[in-house]
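Chemist: Residue numbers for the sequence shown follow this note's numbering, so the first one is 1 and each next one is one higher.
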Amino acid sequence: MCGRTACSLGADNLRRACAYRDRGGRRRQPEWIQAERYRPSYNKGPQSSGPVLLSRRHLQQDADSSERVLMDMRWGLVPSWFKKDDPSKMPFNTSNCRSDTMLKKSSYKGALLKGKRCVVLADGFYEWQQHSSGKQPYFIYFPQTKDTVDEGKEGDEEWRGWRLLTMAGIFDCWEPPAGGEMLYTYTIITVDASKDVSFIHHRQVRAGMGAAGQMPAILDGDEAIRKWLDFAEVPTQEAVKLIQPTENIVFHPVSTFVNSIRNNTPECLAPIELGAKKEIKATPSNKAMLGWLKNSQERSPQKKENDLPRWTSQFIHSPSPKKTSASILQQWLGKEGEPAAKKRKA
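#1: Between A211 and S99, what straight-line distance do the alpha-carbon atoms span, to the nearest angstrom?
#2: Output needed for I255: all residues of its chain with C-beta closer than 8 Å, excluding positions within five of it in sequence on either side, in chain order.
#3: Could you pull the DSSP bridge partners for T5 from this structure?
#4: Could you check what DSSP says for S88 in three-state terms: helix, strand or coil?
#5: Return helix, strand or coil for F82, following the three-state DSSP convention.
#6: With DSSP run on the structure shown, which of helix, strand or coil describes F315?
#7: With C-beta atoms as the reference, is G124 less than 8 Å away from F139?
#8: Would you call R262 buried or exposed, if buried means 16 or more other Cβ atoms sit within 10 Å of its Cβ?
#9: By DSSP's criteria, T190 is part of a beta bridge. Which residues make up the other side?
#10: Compare the Cα-Cα distances from F257 to each of R23, R26 and Y42 and report the closest residue.
#11: How would you label S107, buried or exposed, when you count the other beta carbons within 10 angstroms and need 16 or more for buried?
#12: In whole angstroms, what separates the C-alpha of K135 from that of A63?
#13: Can you tell which of M182, V78 and N248 has the C-alpha that lies nearest to the C-alpha of Q144?
#14: When burial is assigned at 16 or more other CB atoms within 10 Å of the CB, is K89 buried or exposed?
#15: For the beta strand (DSSP E) containing K135, name the first residue and the last one.
#16: Between the segment 72-85 and the segment 125-133, are three or more C-beta pairs nearer than 8 Å?
#17: Pick from Q61, L113 and L274: whose alpha carbon is nearest that of Q237?
#18: Straight-line CA distance for P413 to V197?
#19: What's the gap between the Cα of L54 and the Cα of G76?
#20: Could you say which of V69, G213 and T185 lies nearest to I225 if we only look at CA atoms?
#21: Got a sec? Which residues, its chain only, sit under 6 Å from M182 by beta carbon, not counting five neighbours each side?
#22: Per DSSP, what kind of secondary structure is T145 in: helix, strand or coil?
#23: Spatial neighbours of T265 within its chain, please: C-beta separation below 7 Å, excluding the five flanking residues on both sides.
#24: For the putative contact between R170 and P216, defined by C-beta atoms under 8 Å, what is the C-beta separation to the nearest angstrom?
#25: So, for R16: in the same chain, excluding its five sequence neighbours on each side, which residues have a beta-carbon less than 7 Å away from its beta-carbon?
#26: Using the beta-carbon count (16 or more within 10 Å), is D22 buried or exposed?
#27: Counting only runs of 4+ residues fully inside the segment 228-275, write out the alpha helix (DSSP H) ranges in chain order.
#28: So, with DSSP's three-state summary, where would you put C18?
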């Protein structure tokens, strides 16, 4: 499952990080739809809003279906057919959608068959490993290159900042029965956890507490993103073949500071050393990581996550355990001996 994410880039940098080539081969950046609603966060949970990519044709019928736009949507899908006047009255959790049932459950099937596919954007996601003494959180993300700290300049052809994690999602649009503003919401599709992530569920499986855990369906590379978003060119039957576990992820343990959704600072992402009584003190290299993330947020709209409209607690999802590896983080932080997590051995 996926119950907590981070997306700390400001609106402008998020747009740059999502640059793509259209059907004609031209390099473009997706247009923001109501960018002022977007609120960066190091600690996002269901009911909060988050950035997604979708085809412009969903909003403009004569648009090229390969053209992308960015929207801020609420996490937790509300089906268009939901008849009650408050989405919090839904009797079930829709923050995640299992890939093996997404074409069976009415909450997702209709939207999926209509091509309402989106890409949920994040720096990465958090998962918790169960121990006898409690739960250990991890941060999971795409491998990063050595020059990730360098965001580049506005005119640069290529984005050189953090590589965003791109997760397959389904969205829908709900209109209150009594009228009012349309509510766009999404769910993150999940798949069986890959080998690198499933170790977090190992204790539960061995104890006979259920099947192997779930992880977000990650779209690795622009071609996968293109096929998932271009619903006019890629039918549902073809698009769902993209929904597979990936091994191309790295991870590191983080502080239990992230456990509280109220905590929304770079400390949520900071790597720690497992087994140490105290968290690692700031060093030049992890200061660089935190500085980069902090600067991204400072250039974004200064709005607090707690300012978001809240529905009832039934949309709040308790995160389940998952695994992380961070050899690439070691490279990004720069020097040997810094408190990045060790790469998991086979």
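Note that beta-carbon positions come from the ideal geometry of N, C-alpha and C, so glycine has one too. Everything numeric in this text was worked out from a predicted model, so none of it was measured.
Modeler: Reading off the structure:
#1: Looking up residue 211 in the sequence shown gives position 211. Looking up residue 99 in the sequence shown gives position 99. At A211, the pLDDT of 47 sits below 50, so the modelled position is not reliable; the number obtained from the coordinates is stated separately. The straight-line gap from Cα to Cα measures roughly 15 Å.
#2: Locating residue 255 in the sequence shown gives position 255, counting from the first residue. The question names Ile, but residue 255 in the sequence shown is Ser. Excluding residues within five positions, the ones whose Cβ falls inside 8 Å are P137, E267, C268, A270, I272 and E279.
#3: Along the sequence shown, read from residue 1 onward, the residue named residue 5 stands at position 5. BP columns for T5 point to K44 and F125.
#4: Here the question's residue 88 lines up with position 88 in the sequence shown. Note: S88 maps to helix in three-state DSSP.
#5: Taking the first residue of the sequence shown as 1, we reach residue 82 at position 82. Reduced to three states, the DSSP call for F82 is coil.
#6: Counting from one through the sequence shown, the residue named residue 315 turns up at place 315. Bear in mind that the predicted position of F315 carries a pLDDT of just 25, short of 50, making it unreliable; the figure below should be weighed with that in mind. Helix at F315.
#7: Here residue 124 refers to the residue found at position 124 when the sequence shown is read from its first residue. Here residue 139 refers to the residue found at position 139 when the sequence shown is read from its first residue. Yes, Cβ-Cβ distance for G124 and F139 is below 8 Å.
#8: By 1-based counting over the sequence shown, the position of residue 262 is 262. Exposed, since its Cβ has fewer than 16 Cβ neighbours within 10 Å.
#9: By 1-based counting over the sequence shown, the position of residue 190 is 190. Partner(s): R98 and P216.
#10: As a working note, residue 257 is residue 257 in the sequence shown. Among R23, R26 and Y42, the Cα nearest to that of F257 is on Y42.
#11: Start at 1 with the first residue of the sequence shown, and residue 107 comes out as number 107. By the 10 Å Cβ count, S107 comes out buried.
#12: Numbered from 1 along the sequence shown, position 135 holds the residue referred to as residue 135. Numbered from 1 along the sequence shown, position 63 holds the residue referred to as residue 63. Each residue's Cα considered, the two are about 47 Å apart.
#13: Within the sequence shown, the letter at position 144 stands for residue 144. Considering only alpha carbons, the answer is N248.
#14: Position 89 of the sequence shown, counted from the start, is the residue given in the question as residue 89. Label assigned to K89: exposed.
#15: Taking the first residue of the sequence shown as position 1, residue 135 is located at position 135. Residues G134 to Y141.
#16: no
#17: For the purposes of this step, residue 237 is identified with residue 237 of the sequence shown, where counting begins at 1. Looking at the Cα atoms, L113 is the closest of the given residues.
#18: Residue coverage of the chain in this structure runs from 1 to 346, which leaves residue 413 outside it and unanswerable.
#19: Counting from one through the sequence shown, the residue named residue 54 turns up at place 54. Counting from one through the sequence shown, the residue named residue 76 turns up at place 76. If I take the Cα positions, the gap works out to 17 Å.
#20: Here the question's residue 225 lines up with position 225 in the sequence shown. Of V69, G213 and T185, the residue nearest in Cα terms is V69.
#21: As a first step, residue 182 is located in the sequence shown; it is residue number 182 there, counting from the start. So the qualifying residues of the chain are C173 and E175.
#22: Your numbering for residue 145 matches position 145 in the sequence shown. Correct three-state label for T145: coil.
#23: On the sequence shown, position 265 is the one that residue 265 refers to. Closer than 7 Å at Cβ, skipping near neighbours: Y42.
#24: Here residue 170 is taken as the residue at index 170 of the sequence shown, counted from 1. Here residue 216 is taken as the residue at index 216 of the sequence shown, counted from 1. According to the sequence provided, residue 170 is Ile. The question's Arg does not apply to it. Between P216 and I170 the Cβ distance is about 13 Å, and since that is not below 8 Å, they are no contact.
#25: The count along the sequence shown starts at 1 and reaches residue 16 at position 16. Closer than 7 Å at Cβ, skipping near neighbours: Q29 and W159.
#26: For the purposes of this step, residue 22 is taken as the residue at position 22 of the sequence shown. Exposed: under 16 other Cβ atoms inside 10 Å.
#27: 236-239
#28: Along the sequence shown, one-based indexing puts residue 18 at 18. Residue state, collapsed to three classes: coil.
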